[in-house]
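Its first residue numbered 109, the sequence shown is counted upward by one per residue in the numbering used here.
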Amino acid sequence: MKQLLLLLVFISLILSCGEKNEKENIKIFVSDSTEESDKSSISLEFVLYDSVTTSQVLIIRDKLEHNADRILDFFKIKPVDTFKIHVWGNYENYLIAQELYAGQRYEGSTGYVISSNELAMFLTDDIEETAEHEFVHAVSLRVDASNPRWLWESVATYVANEFIDPNEINYLKNSNYPTIAELNGDFNHGNFKIYDVGYLLSEFIIHKWGKEKYLELIKSSGDLRKVFNITDTDFETEWTNFVNAKYFKHIPS
Ligand SMILES: [Zn+2]
109 MKQLLLLLVF ISLILSCGEK NEKENIKIFV SDSTEESDKS SISLEFVLYD
159 SVTTSQVLII RDKLEHNADR ILDFFKIKPV DTFKIHVWGN YENYLIAQEL
209 YAGQRYEGST GYVISSNELA MFLTDDIEET AEHEFVHAVS LRVDASNPRW
259 LWESVATYVA NEFIDPNEIN YLKNSNYPTI AELNGDFNHG NFKIYDVGYL
309 LSEFIIHKWG KEKYLELIKS SGDLRKVFNI TDTDFETEWT NFVNAKYFKH
359 IPS
């Protein structure tokens, strides 16, 4: 693990909120490497709301600085100058901002991307995991901005190493595999299975077709027929066989 020398610039701004004459504390915290040899590809700028402290987000800085190069390399993307990361400590305020930035509230979510170099998240005990997941989304946005949800989340869970053993996923143990259509269901309609199986879908694609084709699939907005010449149904069957053989030691039917 490379040593990072960091120049921490901490600026505290007190902005007044005009409408109700309330004062809101917004802190801006910039993290950057100082030594050329240690230089991480990215610099981070944090915007902290609701009294979130600098020390509470250092874990995000460490996580991203240790994983950014790997993630950027994975997508063959050159870094942008600065990633801006907004962190809220109050969940209602997080949702209000989400409505402004993302167009609607995703109750239960803990992070989302604003753009390809701007992330938003709510302060939780494992916020660094959220940060890595959202960072992958942000970078993948630069490859393609219109991936279907199944692939969008599959890519994030795979590249952020969010593997869940199929033996811990009851519906897979019961041979009840979700379809692509089901995985594309909306977050706000309670469709969360893609977070369980997303890693396994990417693992299967890379195992069968390789990394270059995987990137091509992302670039083509998840067009399975165009990139792999396969129907959704055949893809689902082959994926099921792959997971059964690898994790449940079943012989494919
Ligand atoms: Zn996600």
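Even for Gly, the Cβ is constructed at its ideal location relative to N, Cα and C.
Item to complete: Using only alpha-carbon positions, find the residue among 288, 317, 303 that is nearest to residue 274.
Response: Cα-wise, what sits closest to residue 274 is 303.
Fill in: Beta-carbon proximity check, residue 268 vs residue 297, cutoff 8 Å
Taking 8 Å as the Cβ cut-off, residue 268 and residue 297 do not qualify as a contacting pair.
Practice prompt. Please say whether residue 227 and residue 243 have beta carbons closer to each other than 8 Å?
Written response: Yes. Within cutoff.
Worksheet item: Any idea what DSSP makes of residue 160, helix, strand or coil?
Response: Three-state DSSP puts residue 160 in coil, outside helix and strand.
Worksheet entry | Same chain, Cβ closer than 6 Å to residue 351, five either side skipped, listed in chain order | Result list for residue 351: 274, 308, in chain order.
Worksheet item: What is the DSSP secondary structure of residue 298, counted as helix, strand or coil?
Response: Residue 298 sits in coil when the DSSP states are folded into three classes, being neither helix nor strand.
Discussion item. With a threshold of 7 Å (Cβ to nearest heavy atom), would residue 174 be considered close to ligand 2?
Written reply: Among the ligands present in this structure, namely ligand 1, ligand 2 is not found.
Discussion item. Only counting the same chain, and skipping five residues up and downstream in sequence, which positions put a Cβ closer than 8 Å to that of residue 346?
Written reply: Apart from the 5 residues on each side of it in sequence, residue 346 sits with its Cβ closer than 8 Å to the Cβ of 312, 316, 338 in its chain, given in chain order.
Fill in: CB of residue 348 within 8 Å of CB of residue 285, strictly
The answer is yes: Cβ separation under 8 Å.
Worksheet entry | In DSSP terms, what residue 228 is bridged to | In DSSP, residue 228 forms a bridge with 194, 220.
Practice prompt. Under 8 Å by Cβ, that's how I've got residue 179 and residue 247 pegged, so tell me the actual separation to the nearest angstrom.
Written response: About 6 Å separates the Cβ atoms of residue 179 and residue 247, confirming a contact at the 8 Å cut-off.
Item to complete: Would you identify the three-state DSSP class for residue 131, choosing helix, strand or coil?
Response: Interpretation of residue 131 is limited by its pLDDT of 41, a score under 50 that renders its predicted location unreliable; no figure is taken from the coordinates.
Worksheet item: Terminal residues of the continuous alpha helix (DSSP H) containing residue 204?
Response: In the DSSP annotation of this structure, the continuous segment of the alpha helix (DSSP H) that includes residue 204 starts and ends at 199 to 210.
Discussion item. Given the structure, does residue 264 come close to ligand 1, in the sense that its CB is under 7 Å from one of the ligand's heavy atoms?
Written reply: True, at least one ligand heavy atom lies under 7 Å from that Cβ.
Worksheet item: Taking the alpha carbon of residue 181 as the point to measure from, which residue in 356, 256, 323, 289 has its own alpha carbon closest?
Response: Residue 181 has its Cα closest to that of 323, out of 356, 256, 323, 289.
Worksheet item: Quick one: Cα of residue 175 to Cα of residue 340, how far?
Response: So the alpha carbons of these two residues sit roughly 33 Å apart.
Practice prompt. Using only the heavy atoms of ligand 1, determine whether one of them is closer than 7 Å to the beta carbon of residue 91.
Written response: Since the first residue of the chain shown is 109 and the last is 361, residue 91 is not available in this structure.
Fill in: Distance between beta carbons of residue 310 and residue 262, contact taken as under 8 Å
With a Cβ gap of about 5 Å, residue 262 and residue 310 count as contacting.
Fill in: Three-state class that DSSP yields for residue 356 in the structure shown
It is coil, neither helix nor strand.
Discussion item. Once DSSP output is grouped into helix, strand and coil, what is the label at residue 270?
Written reply: If DSSP states are grouped into helix, strand and coil, residue 270 belongs with coil.
Practice prompt. Kindly examine ligand 1 and report whether one of its heavy atoms sits closer than 7 Å to the Cβ of residue 261.
Written response: Here the distance from the Cβ of residue 261 to the nearest heavy atom of ligand 1 is below 7 Å.
Discussion item. Suppose you measure from the CA of residue 299 to the CA of residue 277; what does that come to, to the nearest Å?
Written reply: Approximately 15 Å between the Cα atoms of the pair.
Worksheet entry | Sequence-distant residues of the same chain with beta carbon closer than 8 Å to residue 196, five excluded per side | Only residues of its own chain outside the window of five on either side were considered, and among them 157, 158, 160, 202, 205, 228, 229, 230, 231 have a CB closer than 8 Å to the CB of residue 196, listed in chain order.
Worksheet item: Among the residues of its own chain, which have a CB less than 7 Å from the CB of residue 213, if the five just before and after it don't count?
Response: Shown here for residue 213: same chain residues with a beta carbon closer than 7 Å to its own, the five before and five after excluded, namely 203, 206, 207 in chain order.
Item to complete: Buried or exposed for residue 225, please, with buried defined as at least 16 other CB atoms from any protein chain shown within 10 angstroms of its CB.
Response: Looking at its Cβ environment, which holds 16 or more other Cβ atoms inside 10 Å, residue 225 is buried.
Discussion item. To the nearest angstrom, how far is the alpha carbon of residue 270 from that of residue 233?
Written reply: In a straight line, the C-alpha of residue 270 is about 16 Å away from that of residue 233.
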